[in-house]
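See below for the structure under consideration.
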Amino acid sequence: MPELPEVESVRRALERVMVGATFDEVVLRRPDLRTPFPEAFATRLTGRTVVALTRRAKYLLAEASSGDSLVMHLGMSGDFRVERAGAPLEIGVHDHVVFRMSSGARIVFNDYRRFGFMDLVPTAQLTNHASLRALGPEPLSASFDAATLARACHRRRVAIKIALLDQRVVAGLGNIYAVEALHRARVSPFRRASTLATRSGGPRESAVRLAAAIKHVLEHAIDRAGRADDRAGRFRVYERAGQRCLRRGCGGRIARRLQAGRSTFYCPVCQR
DNA sequence: CCCACGACCTGCTGGC
DNA sequence: TGCCAGCAGGTCGTGG
Numbered sequence: 013m014p015e016l017p018e019v020e021s022v023r024r025a026l027e028r029v030m031v032g033a034t035f036d037e038v039v040l041r042r043p044d045l046r047t048p049f050p051e052a053f054a055t056r057l058t059g060r061t062v063v064a065l066t067r068r069a070k071y072l073l074a075e076a077s078s079g080d081s082l083v084m085h086l087g088m089s090g091d092f093r094v095e096r097a098g099a100p101l102e103i104g105v106h107d108h109v110v111f112r113m114s115s116g117a118r119i120v121f122n123d124y125r126r127f128g129f130m131d132l133v134p135t136a137q138l139t140n141h142a143s144l145r146a147l148g149p150e151p152l153s154a155s156f157d158a159a160t161l162a163r164a165c166h167r168r169r170v171a172i173k174i175a176l177l178d179q180r181v182v183a184g185l186g187n188i189y190a191v192e193a194l195h196r197a198r199v200s201p202f203r204r205a206s207t208l209a210t211r212s213g214g215p216r217e218s219a220v221r222l223a224a225a226i227k228h229v230l231e232h233a234i235d236r237a238g239r240a241d242d243r244a245g246r247f248r249v250y251e252r253a254g255q256r257c258l259r260r261g262c263g264g265r266i267a268r269r270l271q272a273g274r275s276t277f278y279c280p281v282c283q284r
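Okay, here's the thing in structure tokens:
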């Protein structure tokens with residue numbers, strides 16, 4: 013589930029039930045996720061109030077009144093479920109963390125592949141945190157545009173698809189939206205990243221289209237995430253191998269190829 | 001610095 | 001029916 017739009021929608025759900033509420037109880041049902049939980053994880057949170065619930069790339073950040081921030085990542089399969097006060101407690105095998113909040117809500121972290129993680133760091137040191145330090149610009153912020161993208165791609169010889177997955181280039185894109193953005197921008201995923209920039213590192217026309225496409229697909233996905241969604245029709249290329257390209261007048265057939273071990277879906281006709 | 005690759009986990013699908 | 005390979009929306013550490 014979780015690329016930037018899905019993480020953002022989880023953030024909004026958690027914000028409603030966590031901000032202003034206090035951790036009454038924190039239960040760890042195992043000692044680790046991808047990494048061990050930090051020392052005294054539960055006791056450092058218990059009794060503290062959540063001041064803010066923000067997001068950086070695919071990371072969720074819960075700032076606690078203690079001066080610590082809870083850093084959470086959903087990995088490939090992580091998700092939070094919110095249960096209202098009084099709901100019967102039903103814990104599954106892959107429910108690893110339970111927060112009982114003063115609002116009465118119970119928040120359960122489920123992650124069957126366990127690629128997610130949680131860490132607790134002093135809020136003042138958040139920007140130095142190993143996972144957050146090297147992140148590139150937020151794609152939906154004003155600081156991300158064609159010029160930023162071109163500069164980041166300038167000296168990279170890897171394929172543009174690979175560059176888009178590099179969180180230092182742009183923070184929060186994953187396999188699905190990288191592929192969707194490239195299709196929307198009519199840019200081939202196999203082009204070298206450096207071909208989006210001029211010799212001096214300025215944006216070419218393709219960089220302008222790609223930066224705009226990245227913003228568009230992410231914003232669109234966040235909008236949709238709020239509604240009860242039909243999975244069908246969510247994507248224009250992802251998982252559509254063998255089907256017709258949806259670009260008007262194109263008529264190509266969507267193909268699938270592996271790049272760095274991950275599926276790339278693209279239209280060989282309109283993406284150049 | 002850049003880049004490729006394997007590791008970490010479980011579950012589902014499709015082919016034989 | 002069972003079994004097994006391949007694949008799944010992410011990141012990190014280790015090499016060259």
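Throughout the first sequence, residue numbering follows this note's numbering, covering 13 to 284 in sequence.
Idealized CB from N, CA, C, for every residue including glycine.
Note that the structure is predicted; figures quoted are calculated from it, not measured.
Item                                                                                                                                                : Value
So, at 7 Å on beta carbons, what are the nonlocal neighbours of Pro9 in its own chain, with the 5 sequence-adjacent residues on each side left out? : Absent from the structure is residue 9, since the part of the chain shown begins at 13 and ends at 284.
Measuring alpha carbon to alpha carbon, tell me which residue in Val105, Arg259, Tyr278 is nearest Arg269.                                          : Tyr278
So for His85, helix, strand or coil by DSSP?                                                                                                        : strand
Would you call Met88 buried or exposed, if buried means 16 or more other Cβ atoms sit within 10 Å of its Cβ?                                        : exposed
Can you tell me which of Asp123, Ala52, Val110, Ala224 puts its alpha carbon nearest to the alpha carbon of Arg46?                                  : Asp123
Please say whether Val182 and Leu161 have beta carbons closer to each other than 8 Å?                                                               : yes
Considering only the beta carbon of each residue, do Glu144 and Arg68 sit closer than 8 Å?                                                          : Position check: residue 144 holds Leu in this sequence, whereas Glu was assumed. Result yes, Cβ atoms of Leu144 and Arg68 sit closer than 8 Å.
In chain order, what residues of the same chain lie with their CB nearer than 6 Å to the CB of Arg274, ignoring the 5 residues before and after it? : Asn187
Near Arg203, which residues of its chain fall below 7 Å by C-beta distance, leaving aside the five closest residues on each side in sequence?       : Ala171, Ile172
Output yes or no for whether 8 Å exceeds the beta carbon distance between Leu208 and Ala193.                                                        : no
When the Cα of Pro215 is compared with those of Asp36, Leu40, Arg125, Phe156, which residue comes out closest?                                      : Phe156
Could you give the DSSP three-state label for Thr210: helix, strand or coil?                                                                        : coil
Would you kindly report the start and end of the unbroken alpha helix (DSSP H) that includes Arg68?                                                 : Taken as a continuous stretch (DSSP letters only), Arg68 belongs to no alpha helix (DSSP H), being part of the beta strand (DSSP E) at 62-68.
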